[in-house]
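K.L.:
Would you mind keeping the following structure in view while I ask a few things?
Number of protein chains: 2
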Amino acid sequence: MTETVPQPTTHVGRSLPRREDAALITGRGTWTDDIAPLGTVHLALVRSPVAHARVTGVDTSAAREHDGVVAVLTGADLAGEFVAGIPTGWPVTEDILVPDHQPLARDEVNHVGDAVAVVVATGAAAARDAAELVVVDYDELPAVVDVEAALEPGAPLVHEQFGTNHCYTWPLAVGDVDAALAEADVVVEGRYVQQRVLASPMEPRAVVVTPDAVGGGFTIHTSTQVPHFVRDILAAICGISDTKLRVVAPDVGGGFGAKLNVYAEEALALVLARRLRRPVKWTETRSEHHLATTHGRGQVQHMTVGATRDGRIVGMKVRLVADMGAYLQLLTPGIAVFGAFTYCGLYDFGAYDFECRGVFTNLTPTDAYRGAGRSEAAYAHERVLDDLARALQMDPAELRLRNLHPPFSEPRTVPSGVQYDSGDYERAMRRALELVGYDDLRAEQTRRRAAGDPVELGIGIGNFTESGGLSPSKVAAGVRLQSGGWEAATVRMTTAGRAEVVTGTSPHGQGHETAWAQIAADSLGIDPADVEVFHSDTMIAPFGRDTYGSRSLAVGGTAVYGAAEKVVAKARLIAAHLLEAAESDLQFVDGVFSVAGTSGPSVTIQEVAGAASLAANLPDGMEPNLTADHHFDPPNFTWPFGTHIAVVEVDTETGRTTIRRFVAVDDCGRIVNPQIVDGQLHGGIAQGIAQALYEHATFDEAGQPTAATLADYAVPAASDLPAFDLDQTVTPSPTNPLGAKGIGESGAIGSSPAVVNAAIDALAARGVTALDMPLTPQRVWRALQGEAPVPTIVS
Amino acid sequence: MTETVPQPTTHVGRSLPRREDAALITGRGTWTDDIAPLGTVHLALVRSPVAHARVTGVDTSAAREHDGVVAVLTGADLAGEFVAGIPTGWPVTEDILVPDHQPLARDEVNHVGDAVAVVVATGAAAARDAAELVVVDYDELPAVVDVEAALEPGAPLVHEQFGTNHCYTWPLAVGDVDAALAEADVVVEGRYVQQRVLASPMEPRAVVVTPDAVGGGFTIHTSTQVPHFVRDILAAICGISDTKLRVVAPDVGGGFGAKLNVYAEEALALVLARRLRRPVKWTETRSEHHLATTHGRGQVQHMTVGATRDGRIVGMKVRLVADMGAYLQLLTPGIAVFGAFTYCGLYDFGAYDFECRGVFTNLTPTDAYRGAGRSEAAYAHERVLDDLARALQMDPAELRLRNLHPPFSEPRTVPSGVQYDSGDYERAMRRALELVGYDDLRAEQTRRRAAGDPVELGIGIGNFTESGGLSPSKVAAGVRLQSGGWEAATVRMTTAGRAEVVTGTSPHGQGHETAWAQIAADSLGIDPADVEVFHSDTMIAPFGRDTYGSRSLAVGGTAVYGAAEKVVAKARLIAAHLLEAAESDLQFVDGVFSVAGTSGPSVTIQEVAGAASLAANLPDGMEPNLTADHHFDPPNFTWPFGTHIAVVEVDTETGRTTIRRFVAVDDCGRIVNPQIVDGQLHGGIAQGIAQALYEHATFDEAGQPTAATLADYAVPAASDLPAFDLDQTVTPSPTNPLGAKGIGESGAIGSSPAVVNAAIDALAARGVTALDMPLTPQRVWRALQGEAPVPTIVS
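Chains as they are written, first to last, in our numbering: chain A, 25 to 819; chain B, 25 to 819.
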């Protein structure tokens with residue numbers, strides 16, 4: 025007779041339907057703007073219509089007379105409410121220039137949309153109407169808009185007291201790149217522009233602050249990715265004990281990095297709720313989103329790569345000029361710097377030299393946007409690799425394959441000096457090439473070109489890795505982020521034997537309620553339907569570092585796993601006590617403890633939970649109940665990677681680029697819910713394609729936005745996008761027990777370079793080898809007329 | 025040079041003002057009835073006007089037509105909504121008879137107020153109006169009202185299927201009491217009646233159930249002492265996962281045991297919110313409070329005590345008949361039984377024999393009321409001691425002093441077989457006698473009596489102990505409550521170094537927010553103002569056993585203390601790491617860690633909290649943040665005690681009893697906040713005096729309540745009560761590290777016997793030696809006319 029060894033059921037790895045969707049797709053979500061306490065007053069901000077000016081007078085008298093107006097207040101009026109300005113959380117160097125940034129500008133406005141006064145009224149429309157009646161005298165100053173021109177001698181100064189627009193320089197050098205380039209057979213330089221883009225979430229920002237009746241506390245509902253940061257930072261800005269602030273992020277309709285911040289309007293709503301003792305609400309209009317919410321990207325990238333004749337890269341130099349905009353928001357200075365570690369991509373070579381200069385302009389501040397820093401890096405290295413391939417007259421896939429790191433399952437030091445966690449780049453890349461039918465496409469390209477087809481076929485590759493799971497430690501080269509990179513979770517079981525998971529992550533579309541239930545259910549051996557997941561309320565989930573930077577699964581999911589395993593460990597001790605067995609003899613399969621190899625008595629984890637609550641028969645000294653906290657502080661970033669390949673057709677007569685096929689082979693380590701991974705990729709690829717082809721937050725020379733509505737700012741519709749062919753390889757991360765790497769940003773990283781490379785691949789034969797995003801038909805058509813710059817081949 | 029050894033600041037022991045009071049005394053509390061979600065519908069119950077009947081028809085048609093009515097539903101209509109009836113949580117014996125108890129009666133009503141249908145309407149008034157239109161056909165049955173008559177052969181049966189009204193018999197015997205009594209010089213018997221009383225909290229009961237938009241969850245705001253019990257029990261009754269129920273007790277305006285229950289209306293609101301998908305509210309009217317909220321007391325007590333001629337007690341026999349009412353609510357069968365351990369009071373003697381019979385009547389169910397079980401016990405043993413003193417012609421104080429246990433600081437086994445924790449009874453009693461000026465009063469009494477004063481002076485003593493801090497374990501004689509007696513707390517520090525305390529207790533007037541902050545502040549070495557206390561929300565405080573039975577400080581406060589000490593222990597490890605010192609060399613005084621005996625570097629606990637959050641420099645393997653859970657499962661009850669002395673004047677011409685002086689010397693172990701202790705005593709003594717003099721929930725022979733409004737039910741006003749002279753002795757409890765015993769019920773325990781003994785002491789010389797509560801002028805006057813029974817002296 026053979027023993028049947030029970031096999032545990034696993035829920036991780038299955039596409040459980042997202043439990044979040046029922047509310048969202050039936051219109052029953054709860055958004056911040058739905059929160060409407062009795063007596064709520066509404067804010068409207070009086071925003072600067074000019075990019076740079078001294079404020080010489082604010083006349084609020086007409087606005088005060090408007091029906092429904094409760095108060096009209098200027099920066100000076102509210103000066104006493106704030107004990108600090110809006111801080112940056114990532115001052116990247118010791119000598120960085122940090123301008124004072126008050127929630128309301130006092131003497132000077134520094135970008136269009138900079139707020140100078142706030143109207144409080146009983147209705148939102150009344151507040152907006154009255155805001156139009158506030159008369160502000162602006163003594164206009166010259167504005168600086170172009171990030172490179174801002175560094176020229178004699179450029180107008182955004183912050184005159186600094187005597188410069190140069191905010192900081194952040195360098196990183198590994199090896200002697202000049203020597204390496206001097207010895208290279210081929211050196212290619214490229215200048216690429218990361219245009220400013222907008223997050224454009226479905227739900228704009230919104231905040232409602234409700235004062236407690238007594239005690240000096242406030243509940244802050246806000247549409248944010250980072251309720252814990254909001255709590256700590258508003259406490260500091262407004263001089264309120266952090267224990268007096270409860271921050272709740274209800275359903276949040278997308279963030280994309282733009283809600284990874286603490287904004288003036290949140291601070292204003294709080295101090296006005298304190299001052300007026302009434303609930304205060306502000307909901308962003310769509311045009312305010314374009315003016316007053318941080319922008320993404322905004323960099324000029326100078327790349328220099330040297331290689332041997334046979335395509336071995338020998339060195340890379342990266343010079344960035346990064347547009348801060350007018351102020352430093354939470355992560356503004358760090359975003360471009362954060363890419364420093366991945367400009368070397370998946371490629372193994374010697375010398376690496378990176379330098380980023382942060383520059384002030386009279387524009388809306390920049391900050392995180394999906395892929396932040398890493399998207400820019402991947403774009404630049406993949407662009408310059410295609411330029412290098414052309415210089416070498418080598419197939420761009422072949423060039424890449426010659427330079428990939430070999431497979432590695434333990435951390436490996438890469439040219440930027442950091443350690444990637446694990447990778448098998450060739451497998452993912454070959455899978456993508458196979459899926460797309462690369463060789464056949466090249467043959468088709470050759471055929472059509474020979475036939476003089478006016479619609480050119482192009483194939484573009486976007487190889488990338490990213491640093492996911494933002495981690496404070498173990499980053500080489502002296503870089504250490506000053507923000508705990510841990511995540512917290514609590515797993516507890518009820519008397520009836522169901523589980524509750526509290527996570528410090530704050531999902532806004534990512535499906536944590538579904539995925540975290542899968543993780544906990546596997547550890548606990550129970551049905552995921554018996555697991556509830558709570559989050560995004562600082563009273564319910566007091567410890568958390570929230571959701572951004574592809575961190576939630578690898579850090580927060582691991583914290584859930586750790587807490588659940590602690591619960592099982594305690595349950596095992598109780599089970600052994602109840603079964604009068606040695607702990608080491610117990611097996612735990614599908615939620616049932618029993619003595620391995622016997623058909624003797626068993627006890628379910630639900631029964632153990634009940635016994636732990638009753639506490640009538642516990643091991644000596646054991647505290648009642650099954651509950652555990654776990655903080656996971658990752659030892660490294662995770663490094664998801666992949667190969668995206670775009671197949672485009674460019675109509676040379678109209679300049680229109682059409683994506684015929686898009687293949688993405690991603691590796692995000694172990695997959696918890698394949699459908700969620702696909703969903704994250706769909707959204708991310710759409711955003712990457714949008715940057716490549718459509719979106720651009722443009723300004724005129726005076727700093728006036730020229731795409732400040734969704735009529736002018738071209739967010740693509742689903743019909744503008746192709747179907748995506750997705751596949752994944754799995755290279756587990758050794759940095760966490762789940763082996764997970766994160767997938768939140770990958771789609772937005774690999775896709776832009778793939779699309780732009782494909783378009784240039786289509787047009788290079790016609791002499792167009794340099795194009796900046798977005799590839800509007802006009803821009804492409806003009807390039808075909810010879811108007812675009814071309815990269816310089818130095819030797 | 026001498027070292028100055030720093031002395032820690034302590035907040036425990038100081039009368040910090042109650043932080044709860046600002047809201048309550050300025051009308052800014054949040055009561056359940058203030059919760060008004062959009063679209064709320066209101067319930068009104070159709071209640072039986074007769075005490076016992078078969079329901080032969082319910083016609084809801086007229087009610088359905090009433091304006092605003094959403095639904096009218098009978099017990100039959102809702103039968104499918106409930107998977108279980110309302111349970112009793114304390115089935116005291118294996119063969120106890122437990123009647124089915126549905127939220128709506130189906131075929132039979134068993135007391136006036138028993139609900140047979142529910143009306144749901146858009147307004148509360150509409151619901152009440154429509155409820156009057158429901159026509160119920162009652163086929164009336166004979167009712168049984170008198171608890172002793174209910175046991176007679178041929179008595180009408182409340183629940184015919186049982187064939188008896190005798191619900192259970194619960195016995196406890198230690199030693200041979202019959203032998204002891206047979207050898208006694210004097211044996212005294214007494215029959216005392218504990219009349220039914222009402223809790224009459226300022227805020228009646230109320231519940232609002234709000235369904236989640238999706239997901240099948242509900243938020244239940246309810247005016248309860250026991251949100252955690254409500255969650256677990258409603259889940260069981262209504263067939264909903266406990267993880268889907270969030271129970272919140274907002275400000276609760278008093279409970280006194282009557283809100284230590286789970287009621288039909290809570291279950292009805294929940295299933296109707298589920299059925300209608302709308303928020304559902306019910307708020308009790310004052311007259312409903314008299315019909316449908318559990319009553320307190322309701323017992324007949326037969327006491328037999330034997331003593332030697334010199335006043336040494338040799339044995340005690342207790343026979344109780346306890347009125348269950350028509351159904352068994354949460355603790356109904358256990359309340360009278362719970363007194364079994366304290367009928368022997370503070371007195372040391374041999375044989376003890378206790379028996380309690382639970383009996384059904386056609387009245388509202390009884391359940392906990394302040395002092396539950398222990399008040400009844402103290403009343404009976406102090407009454408019978410005065411009877412014994414009269415039989416022995418001994419001063420009642422002297423009799424008591426001869427029988428007190430000697431002082432003990434470690435557990436001591438008492439006649440009922442349990443172990444009391446610690447006591448110094450003579451100290452408290454002598455302090456009370458001294459405070460009241462006992463000898464002078466006796467002299468005055470003698471003088472006035474000799475002078476023929478028609479206003480008689482009486483002095484009454486109420487010695488008592490109580491079992492506080494409800495504990496499941498270590499109760500001798502085979503008694504074990506089947507409910508975890510632990511309490512849970514979490515203490516955590518924020519990044520900014522402030523503390524948050526989460527407690528599983530659920531205060532409703534007790535001042536936990538103030539007192540728990542004092543406890544945590546002392547451990548953490550911080551200002552109590554920097555400690556926030558959260559409670560009474562099962563999402564924020566998931567583990568808890570709530571507030572009742574004088575348990576909160578001794579069990580819940582100890583859990584807070586334990587959690588805070590764990591936080592300090594972790595902080596100490598981090599501090600040692602930061603200071604590069606050995607942990608054993610560190611001292612921790614007033615929130616500062618430093619190396620003892622040096623003036624070297626130091627680190628505050630706030631700095632440690634910041635470092636623990638940043639997690640940049642923690643000892644190897646230590647998880648970030650300062651947070652700890654603690655469950656405290658007490659090894660025994662605590663046994664608060666005291667001596668209350670009432671000095672009354674009884675006008676023999678009118679029968680009116682006036683309290684001239686009331687002295688209470690209590691010992692509740694270590695005192696955290698003296699002002700809160702005084703407040704608890706004030707309220708408790710007022711309730712005890714109210715039972716002694718004023719309150720009685722009366723019924724006629726058909727079971728009709730005859731005091732069903734506050735016009736008839738005589739709740740005393742402040743002007744009816746004397747000033748109280750309070751003092752405390754401190755005998756720390758060895759059962760918890762705080763040394764605390766609890767004070768929530770003491771006032772309501774010692775005061776009733778003191779007042780009644782005083783009145784009888786005043787009147788005994790006129791032949792009145794037996795009087796039952798309340799001592800209304802009519803009752804006293806009649807007794808003076810010879811209408812009252814007198815206790816029998818057997819030998």
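Note that the Cβ used here is the ideal one computed from N, Cα and C, for glycine as well.
Measuring CB to CB, does GLU523 of chain A end up less than 8 Å from THR667 of chain A?
P.N.:
Residue mapping note: residue 523 of chain A aligns to position 499 of the first sequence, counting from 1. Residue mapping note: residue 667 of chain A aligns to position 643 of the first sequence, counting from 1. Correcting the residue type first, residue 523 of chain A is Ala in the shown sequence and not Glu. No; because the gap between Cβ atoms is not below 8 Å, this pair is not in contact.
K.L.:
If I measure Cβ to Cβ from ALA332 of chain A and keep anything under 6 Å in the same chain, skipping five residues before and after, which residues do I get?
P.N.:
Sequence index remark: in the first sequence, residue 332 of chain A carries index 308 (1-based). A quick correction: the sequence has Thr, not Ala, at residue 332 of chain A. Once the five neighbours on either side are set aside, the close Cβ partners of THR332 of chain A are ASP209.
K.L.:
Spatial neighbours of VAL233 of chain B within its chain, please: C-beta separation below 6 Å, excluding the five flanking residues on both sides.
P.N.:
Your numbering for residue 233 of chain B matches position 209 in the second sequence. So the list reads PHE242, ILE244, ALA293, LEU294, ALA297 and VAL304, once near-sequence residues are dropped.
K.L.:
Less than 8 Å between the CB atoms is what I'm expecting for ASP822 of chain A and SER770 of chain A, so what's the real figure, rounded?
P.N.:
It is not possible to answer for residue 822 of chain A, since the shown part of chain A is limited to 25 through 819.
K.L.:
With a threshold of 8 Å between beta carbons, is ILE564 of chain B in contact with chain A?
P.N.:
The sequence position of residue 564 of chain B within the second sequence is 540, counting from 1. Among the CB atoms of chain A, one or more fall inside 8 Å of the CB of ILE564 of chain B.
K.L.:
How would you write the range of the alpha helix (DSSP H) that PHE253 of chain A sits in, first residue to last?
P.N.:
For the purposes of this step, residue 253 of chain A is identified with residue 229 of the first sequence, where counting begins at 1. Residues 251-262.
K.L.:
Thinking ARG255 of chain B and THR390 of chain B are a contact (beta carbons under 8 Å), I'd like their distance in whole angstroms, please.
P.N.:
Counting from 1 along the second sequence, the entry for residue 255 of chain B is found at position 231. Counting from 1 along the second sequence, the entry for residue 390 of chain B is found at position 366. About 24 Å separates the two Cβ atoms, so there is no contact after all.
K.L.:
For LYS765 of chain A, does the three-state DSSP call read helix, strand or coil?
P.N.:
To locate residue 765 of chain A, count along the first sequence from 1; it is residue 741. Coil, per DSSP.
K.L.:
Using C-beta distances below 6 Å, list every residue in its chain close to ASP275 of chain A, excluding the 5 sequence neighbours before and after it, in chain order.
P.N.:
For the purposes of this step, residue 275 of chain A is identified with residue 251 of the first sequence, where counting begins at 1. For ASP275 of chain A, where only same-chain residues beyond five positions count, the Cβ hits under 6 Å are GLY53, THR54 and TRP55.
K.L.:
Here's the rule I'm using: 16 or more other beta-carbon atoms within 10 Å means buried, otherwise exposed. How should PRO531 of chain B be labelled?
P.N.:
Numbered from 1 along the second sequence, position 507 holds the residue referred to as residue 531 of chain B. Buried, by the Cβ-count rule.
K.L.:
Taking all protein chains shown into account, do 16 or more other C-beta atoms lie within 10 angstroms of the C-beta of PRO422 of chain B, making it buried, or fewer, making it exposed?
P.N.:
Position 398 of the second sequence, counted from the first residue, corresponds to residue 422 of chain B. Correcting the residue identity first, residue 422 of chain B is Glu in this sequence and not Pro. So GLU422 of chain B counts as exposed.
K.L.:
Are the segment 370-383 of chain A and the segment 338-348 of chain A touching, with three or more C-beta to C-beta distances below 8 Å?
P.N.:
They touch, by the three-pair rule.
K.L.:
If contact is defined by three or more beta carbon pairs under 8 Å, each pair taking one atom from either stretch, is the segment 108-122 of chain B in contact with the segment 81-92 of chain B?
P.N.:
no
K.L.:
Which one of B:GLU400, B:ILE695 and B:PRO420 has the shortest CA to CA distance from GLY712 of chain B?
P.N.:
The residue labelled residue 712 of chain B in the question sits at position 688 within the second sequence. Per the Cα distances, B:GLU400.
K.L.:
Please compile the residues from chain B whose C-beta is within a distance smaller than 8 Å of the C-beta of ASP266 of chain A.
P.N.:
Taking the first residue of the first sequence as 1, we reach residue 266 of chain A at position 242. In chain order: THR518, THR519, ALA520 and ARG522.
K.L.:
Count the other CB atoms within 10 Å of the CB of ARG132 of chain A; is the residue buried (16 or more) or exposed (fewer)?
P.N.:
Within the first sequence, the letter at position 108 stands for residue 132 of chain A. Note on identity: in this sequence residue 132 of chain A is Glu, with Arg being the wrong assignment. Answer is buried; the Cβ neighbour count reaches 16.
K.L.:
Taking 8 Å as the threshold (beta carbon to beta carbon), is ALA512 of chain A in contact with chain B?
P.N.:
Residue numbering aside, residue 512 of chain A sits at position 488 when the first sequence is read from its first letter. Yes, because at least one Cβ of chain B sits closer than 8 Å to the Cβ of ALA512 of chain A.
K.L.:
Between A:ASP266, A:ARG424, A:SER311 and A:VAL250, which has its C-alpha nearest LEU354 of chain A's C-alpha?
P.N.:
Reading the first sequence from its first residue, position 330 is the one you call residue 354 of chain A. Considering only alpha carbons, the answer is A:VAL250.
K.L.:
Applying the criterion that 16 or more other CB atoms from any shown protein chain within 10 Å of the CB defines a buried residue, is ASN641 of chain A buried or exposed?
P.N.:
Here residue 641 of chain A refers to the residue found at position 617 when the first sequence is read from its first residue. Answer is exposed; the Cβ neighbour count stays below 16.
K.L.:
Go ahead and pull the three-state DSSP assignment for GLN31 of chain A.
P.N.:
Within the first sequence, numbered from 1, the residue matching residue 31 of chain A stands at position 7. Reduced to three states, the DSSP call for GLN31 of chain A is coil.
K.L.:
Which residues does DSSP pair with LYS305 of chain A in a beta bridge?
P.N.:
As a first step, residue 305 of chain A must be located in the first sequence, where it is residue number 281. Paired residue(s): A:HIS66 and A:VAL232.
K.L.:
Which residues, in order along the segment 654-667 of chain A, keep a beta-carbon less than 9 Å from a beta-carbon of chain B?
P.N.:
HIS654, HIS655, PHE656 and ASP657
K.L.:
Can PRO761 of chain B and TYR585 of chain B be called in contact, C-beta distance under 8 Å?
P.N.:
Walking along the second sequence from the start, residue 761 of chain B turns up at place 737. Walking along the second sequence from the start, residue 585 of chain B turns up at place 561. Going by C-beta atoms, PRO761 of chain B is nearer than 8 Å to TYR585 of chain B.
K.L.:
With distance defined between alpha-carbon atoms, name the residue in A:HIS654, A:SER637 and A:ASP653 nearest to MET646 of chain A.
P.N.:
Here the question's residue 646 of chain A lines up with position 622 in the first sequence. Ranking A:HIS654, A:SER637 and A:ASP653 by Cα distance to MET646 of chain A puts A:SER637 first.
K.L.:
Would you kindly work out how many angstroms separate the C-alpha atoms of ALA68 of chain A and THR733 of chain A, rounded to a whole number?
P.N.:
Position 44 of the first sequence holds residue 68 of chain A. Position 709 of the first sequence holds residue 733 of chain A. Their backbone Cα atoms lie some 18 Å apart in a straight line.
K.L.:
Please confirm if PHE22 of chain A has its CB atom under 8 Å from at least one CB of chain B.
P.N.:
Past the boundaries of the shown model lies residue 22 of chain A; chain A is included only from 25 to 819, so the question cannot be answered.
K.L.:
Cβ of GLU647 of chain B less than 8 Å from any chain A Cβ?
P.N.:
Locating residue 647 of chain B in the second sequence gives position 623, where the first residue counts as 1. Cβ-Cβ to chain A under 8 Å: yes for GLU647 of chain B.
K.L.:
Pull up the distance between the alpha-carbon of ALA141 of chain A and that of ARG152 of chain A, whole angstroms please.
P.N.:
Your numbering for residue 141 of chain A matches position 117 in the first sequence. Your numbering for residue 152 of chain A matches position 128 in the first sequence. Distance between the alpha carbons of ALA141 of chain A and ARG152 of chain A: 12 Å.
K.L.:
With burial defined as no fewer than 16 other Cβ atoms inside 10 Å of the residue's Cβ, what is the status of LEU416 of chain B: buried or exposed?
P.N.:
On the second sequence, position 392 is the one that residue 416 of chain B refers to. Buried.
K.L.:
Is it buried or exposed for ILE337 of chain A, if we count other Cβ within 10 angstroms and need 16 for buried?
P.N.:
Taking the first residue of the first sequence as position 1, residue 337 of chain A is located at position 313. Buried, since its Cβ has 16 or more Cβ neighbours within 10 Å.
K.L.:
What is the DSSP secondary structure of GLU341 of chain B, reduced to helix, strand or coil?
P.N.:
Translated into positions along the second sequence, residue 341 of chain B becomes position 317. Here residue 341 of chain B turns out to be Lys, not Glu, going by the sequence shown. Strand, per DSSP.
K.L.:
Any C-beta of chain B within less than 8 Å: which residues of the segment 39-59 of chain A qualify?
P.N.:
ARG43, ALA46, ALA47, THR50, ARG52, GLY53 and THR54
K.L.:
When you compare only the Cα positions, how much space is there between ASN487 of chain B and GLU406 of chain B?
P.N.:
Here the question's residue 487 of chain B lines up with position 463 in the second sequence. Here the question's residue 406 of chain B lines up with position 382 in the second sequence. For ASN487 of chain B and GLU406 of chain B, the distance between alpha carbons rounds to 7 Å.
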